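Sequences listed follow chains A and B, in order.
Just add 430 to wherever you are in the first sequence, counting from 1, and you've got my numbering.
Just add 10 to wherever you are in the second sequence, counting from 1, and you've got my numbering.
We treat Cβ as the ideally placed atom computed from N, Cα and C, and that holds for glycine.
Computed from a predicted model, the values in this text were never measured in an experiment.
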Amino acid sequence: MAKVELVNVSKSYGDVEVLHDINLALEEGEFVVFVGPSGCGKSTLLRMIAGLEDITGGELLIGGEPMNDVLPAKRGISMVFQSYALYPHMTVFENMAFGLEQAKLSKPEIRERVNKAATMLQIEPLLDRKPKQLSGGQRQRVAIGRAITRDPRVFLFDEPLSNLDAALRVDTRLEIASLHERLTGTTMIYVTHDQVEAMTLADRIVVLNGGVIEQVGTPMDLYENPASQFVAGFIGSPKMNLLTGPVAENEGAATYGIRPEHIRFSRDEGLWIGRVVLTERLGSDTFVHVKTEGVGMVNVRIEGRADIEQGETVHLTPDARSVHLFYADGTPLSRKFMQ
Amino acid sequence: MGKSRSLLSRTRTRSAWLVLLPMLVTLFVVAAWPLGRTIWFSFTDASLDLMADAQFVGIRNYLEYVKFGDEDGQYYGLLADARWWRSVWNTIYFAVVSVSFETLFGLVIALVLNQQFRGRGLVRAAVLIPWAIPTIVSAKMWAWMMHDQFGILNDMFQRLGLISEPVAWTASPDTAMIAVMIVDIWKTTPFMALLILAGLQMVPQDIYEAAKLDGVPAFRTFRRVTLPLILPAILVAVVFRTLDALRVFDIIYVLTPNTDATRTMSVYARENLFDYDQFAYGSAASTLLFLVIAVITITFIMATRMDLEGKRS
Ligand SMILES: Nc1ncnc2c1ncn2[C@@H]1O[C@H](COP(=O)(O)OP(=O)(O)OP(=O)(O)O)[C@@H](O)[C@H]1O
Ligand SMILES: [Mg+2]
Numbered sequence: 431m432a433k434v435e436l437v438n439v440s441k442s443y444g445d446v447e448v449l450h451d452i453n454l455a456l457e458e459g460e461f462v463v464f465v466g467p468s469g470c471g472k473s474t475l476l477r478m479i480a481g482l483e484d485i486t487g488g489e490l491l492i493g494g495e496p497m498n499d500v501l502p503a504k505r506g507i508s509m510v511f512q513s514y515a516l517y518p519h520m521t522v523f524e525n526m527a528f529g530l531e532q533a534k535l536s537k538p539e540i541r542e543r544v545n546k547a548a549t550m551l552q553i554e555p556l557l558d559r560k561p562k563q564l565s566g567g568q569r570q571r572v573a574i575g576r577a578i579t580r581d582p583r584v585f586l587f588d589e590p591l592s593n594l595d596a597a598l599r600v601d602t603r604l605e606i607a608s609l610h611e612r613l614t615g616t617t618m619i620y621v622t623h624d625q626v627e628a629m630t631l632a633d634r635i636v637v638l639n640g641g642v643i644e645q646v647g648t649p650m651d652l653y654e655n656p657a658s659q660f661v662a663g664f665i666g667s668p669k670m671n672l673l674t675g676p677v678a679e680n681e682g683a684a685t686y687g688i689r690p691e692h693i694r695f696s697r698d699e700g701l702w703i704g705r706v707v708l709t710e711r712l713g714s715d716t717f718v719h720v721k722t723e724g725v726g727m728v729n730v731r732i733e734g735r736a737d738i739e740q741g742e743t744v745h746l747t748p749d750a751r752s753v754h755l756f757y758a759d760g761t762p763l764s765r766k767f768m769q
Numbered sequence: 011m012g013k014s015r016s017l018l019s020r021t022r023t024r025s026a027w028l029v030l031l032p033m034l035v036t037l038f039v040v041a042a043w044p045l046g047r048t049i050w051f052s053f054t055d056a057s058l059d060l061m062a063d064a065q066f067v068g069i070r071n072y073l074e075y076v077k078f079g080d081e082d083g084q085y086y087g088l089l090a091d092a093r094w095w096r097s098v099w100n101t102i103y104f105a106v107v108s109v110s111f112e113t114l115f116g117l118v119i120a121l122v123l124n125q126q127f128r129g130r131g132l133v134r135a136a137v138l139i140p141w142a143i144p145t146i147v148s149a150k151m152w153a154w155m156m157h158d159q160f161g162i163l164n165d166m167f168q169r170l171g172l173i174s175e176p177v178a179w180t181a182s183p184d185t186a187m188i189a190v191m192i193v194d195i196w197k198t199t200p201f202m203a204l205l206i207l208a209g210l211q212m213v214p215q216d217i218y219e220a221a222k223l224d225g226v227p228a229f230r231t232f233r234r235v236t237l238p239l240i241l242p243a244i245l246v247a248v249v250f251r252t253l254d255a256l257r258v259f260d261i262i263y264v265l266t267p268n269t270d271a272t273r274t275m276s277v278y279a280r281e282n283l284f285d286y287d288q289f290a291y292g293s294a295a296s297t298l299l300f301l302v303i304a305v306i307t308i309t310f311i312m313a314t315r316m317d318l319e320g321k322r323s
């Protein structure tokens, strides 16, 4: 139940600065996702908010109060780790109660809080088990349960789903989303490098790259108006086609971006002509990789299943309103509307 | 299906035995055979030069009642020998005290070495030096340092004003055992530290961060998180060291020969076997030493395992 503000925050390890001048204000109750490629500094930023890393420059405020020198346990935060970080020798109940004992809560109150969290996550039958007697998904639920019992103002997640298999990842993702619904007012910060997780969970996404913020915005904002070529390439699945050469030069840009779903496909006529190199059938969609004359490799989405064979000649027409143009330095030209 | 599986498991069993065979043979030759011989000699009248003619004499070496007259008589044998019981006590006292201190110091050193600091690799190697020096050499070295007239210890303590007269550390019955234990602790603490350090490095780092978020202070984290997780490693180290300490011989032989205050079971057995030409009697002492070690070890292992299971369930 608190705003989280980062003012000119930076982080150095020795002489190496890994985060530069981060400015960010997260609203109370907001679900914010940090995404970015590996090594961009997502975890470091999250751990600075948690208090597990020193803040070497700038200021962190939670609920309006400066937090730079406040101990992690006193910040009103909870964190869920990628590796779960459960105490191996304690039962699930003890794992969830350990921090509460430390906070000097009474026994009945501890039991009540643990039971409430356990009910919420449906892990009551597991309370007497040790972590090694649990599956990965159950462990992650326990880790989330432990975080809930602390009744935090801010919830921090560092890639909580990356050790789970695909099906479980979707389930747990939905669970986290519904958790956010139920814990009204709790700010959640979620780190991932999976842009699907980011798009589905976030109220707002923070895209990090190389230690700087590339863009902050709602998922649809980032999808429709990427502020840089990096964001355009990073958000959206599959990736936006980023074409260089004459197509871009004709528009006065260095890069011409068009998403696979914004290209019209035809066997008879179109703006570009090319040969099918590969088709990927996912059932709901078919992705066709086309080697286009004078344009390059283009990935096109076709709804449903399409009977297109390798080597076929096809015609493609980009939707002019969905073209993104970028200068060589990655900054966007103001969107061009073609008539 | 079932048949092929049983064939497979039979092949497996056979190859398992084949792999075990060299070890079983070696164990028999270097352990079981000498042990069996020693036990056999302890029931005979063997002496060093007459080993081949040894005659079975029952349990005479252990205990025998000799009648002097109608009403008069006395017990003889190992179990009636006060010197033997003194050496049993010395051994146990030595083992308990030195292993306790070695565990404590080893734990502290392991905790320090487990921290990140500059030059940690160097310190880790340096800590091992006492362990790397052969026992005879380190015992001689300490014997010189503890020498009553020329030793550096007396010199330092006198300069500091801690003692007024030179102390004969190794010769005086009051300090002999302490001297032996100090040398043993100095020598084997690194071994303990290393075994415990290995246990510490198995503890996942992320749970320390979880403890930080839970607001658990350092000492409580140690007691509630670290210690339970490294306890199995500590117990293994303690078993190893206790076994070793119960057999202690070389340090005492070099540092304080022929002193009642430090005579252990091994020293007692060797004296009888070779110095006093009572080979059978010495064999009996060796056999009892083996029994004592076996009983203590088995008890210890069973007790700690039960304890561990009690905590697990
Ligand atoms: N203890 C450290 N000492 C020096 N550099 C570090 C340290 N921890 C992290 N870094 C550097 O900081 C940068 C950011 O690391 P961070 O772990 O935050 O990346 P990330 O975005 O979480 O990546 P991933 O998706 O792989 O988890 C990396 O370049 C990393 O090499
Ligand atoms: Mg990370």
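Indicate, with yes or no, if ligand 1 has a heavy atom lying under 7 Å from the CB of residue i.
i: V446 of chain A; result: yes
i: Y443 of chain A; result: yes
i: H450 of chain A; result: no
i: T486 of chain A; result: no
i: H754 of chain A; result: no
i: S108 of chain B; result: no
i: S468 of chain A; result: yes
What residues of chain A sit near residue i, judged by a beta carbon separation below 7 Å?
i: P238 of chain B; result: H519
i: A295 of chain B; result: What A295 of chain B touches in chain A: nothing, since even the nearest Cβ is about 43 Å away.
Pull up the distance between the alpha-carbon of residue i and that of residue j, whole angstroms please.
i: A632 of chain A; j: P590 of chain A; result: 15 Å
i: E531 of chain A; j: I540 of chain A; result: 7 Å
i: T486 of chain A; j: V439 of chain A; result: 8 Å
i: L28 of chain B; j: L117 of chain B; result: 41 Å
i: V753 of chain A; j: T761 of chain A; result: 14 Å
i: V40 of chain B; j: A596 of chain A; result: 57 Å
i: L482 of chain A; j: I507 of chain A; result: 11 Å
i: G320 of chain B; j: A181 of chain B; result: At G320 of chain B the pLDDT is 48, less than 50, meaning the model places this residue with poor confidence and gives no usable figure here.
i: L763 of chain A; j: G663 of chain A; result: 16 Å
i: R230 of chain B; j: F528 of chain A; result: 11 Å
i: K766 of chain A; j: S442 of chain A; result: Caution applies to K766 of chain A, whose pLDDT of 47 falls short of 50 and renders its modelled position unreliable; the value that the coordinates give is listed next. Looking at the two C-alpha atoms, the distance is approximately 40 Å.
i: V677 of chain A; j: V626 of chain A; result: 29 Å
i: D63 of chain B; j: A294 of chain B; result: 18 Å
i: L456 of chain A; j: V510 of chain A; result: 19 Å
i: R477 of chain A; j: E458 of chain A; result: 19 Å
i: R322 of chain B; j: A547 of chain A; result: Confidence in R322 of chain B is poor, its pLDDT being 43 and thus under 50, which makes the residue's placement too unreliable to answer from.
i: I733 of chain A; j: P668 of chain A; result: One point to set straight first is that residue 733 of chain A is Glu, not Ile, in the sequence displayed. The straight-line gap from Cα to Cα measures roughly 14 Å.
i: T716 of chain A; j: R694 of chain A; result: 13 Å
i: R735 of chain A; j: E699 of chain A; result: 20 Å
i: T23 of chain B; j: S16 of chain B; result: 10 Å
i: V446 of chain A; j: I479 of chain A; result: 20 Å
i: W196 of chain B; j: T274 of chain B; result: 19 Å
i: L564 of chain A; j: V522 of chain A; result: 10 Å
For residue i, return the contacting residues in chain B, with the cut-off set at a CB-CB distance below 9 Å.
i: F528 of chain A; result: A220, A221, D224, V226, R234 and V235
i: M618 of chain A; result: Ordered by position in chain B, no residue passes the 9 Å Cβ test against M618 of chain A, which lies about 16 Å from the chain.
i: A503 of chain A; result: K222, L223, D224, G225 and V226
i: L482 of chain A; result: E219, K222 and L223
Which chain A residues sit within Cβ distance under 8 Å of residue i?
i: I217 of chain B; result: A515, L516, Y517 and P518
Confirm the yes/no value for this check: CB of residue i, any heavy atom of ligand 2, distance under 7 Å.
i: K222 of chain B; result: no
i: E589 of chain A; result: yes
i: S473 of chain A; result: yes
Taking C-beta pairs closer than 7 Å, name the residues in chain B that residue i reaches, listed in chain order.
i: Q532 of chain A; result: D224, G225 and V226
Would you mind telling me which residues of chain C sit closer than 9 Å to residue i, beta carbon to beta carbon, in chain order?
i: M509 of chain A; result: Given the protein chain composition of this structure (A and B), no chain C is represented.
Original post:
Counting pairs of Cβ atoms below 8 Å between the stretch 615-633 of chain A and the stretch 460-468 of chain A, do you hit three or more?
Top reply: yes
**OP:** Would you list, in sequence order, the uninterrupted beta strand (DSSP E) runs of no fewer than 3 residues that lie entirely inside the stretch 586-663 of chain A?
**Re:** 617-622, 634-639 and 642-647
Original post:
Is it a yes or a no for the stretch 158-167 of chain B touching the stretch 214-221 of chain B, going by three-plus beta-carbon pairs under 8 Å?
Top reply: no
Original post:
Is it true that the stretch 257-272 of chain B meets the stretch 285-296 of chain B, where meeting means three or more beta-carbon pairs spaced less than 8 Å apart?
Top reply: no
Original post:
Three or more C-beta pairs closer than 8 Å, one from the stretch 125-138 of chain B and one from the stretch 148-159 of chain B: is that the case here?
Top reply: no
Original post:
Which runs of the beta strand (DSSP E) fall wholly inside the stretch 46-128 of chain B and span at least 3 residues, in chain order?
Top reply: 74-77 and 83-86
Subject >> Length at least 3, wholly inside the stretch 698-763 of chain A: the beta strand (DSSP E) runs in chain order >> reply: 702-711, 715-722, 726-733, 743-748 and 754-756
Subject >> Uninterrupted alpha helix (DSSP H) stretches inside the stretch 516-587 of chain A (no shorter than 4 residues) >> reply: 522-532, 537-551 and 566-579
Original post:
What are the start and end residues of each continuous alpha helix (DSSP H) run of 4 or more residues lying completely inside the stretch 173-248 of chain B, in chain order?
Top reply: 183-211, 216-223 and 228-231
Original post:
Just checking, does the stretch 238-254 of chain B make contact with the stretch 200-211 of chain B on the three C-beta pairs under 8 Å criterion?
Top reply: yes
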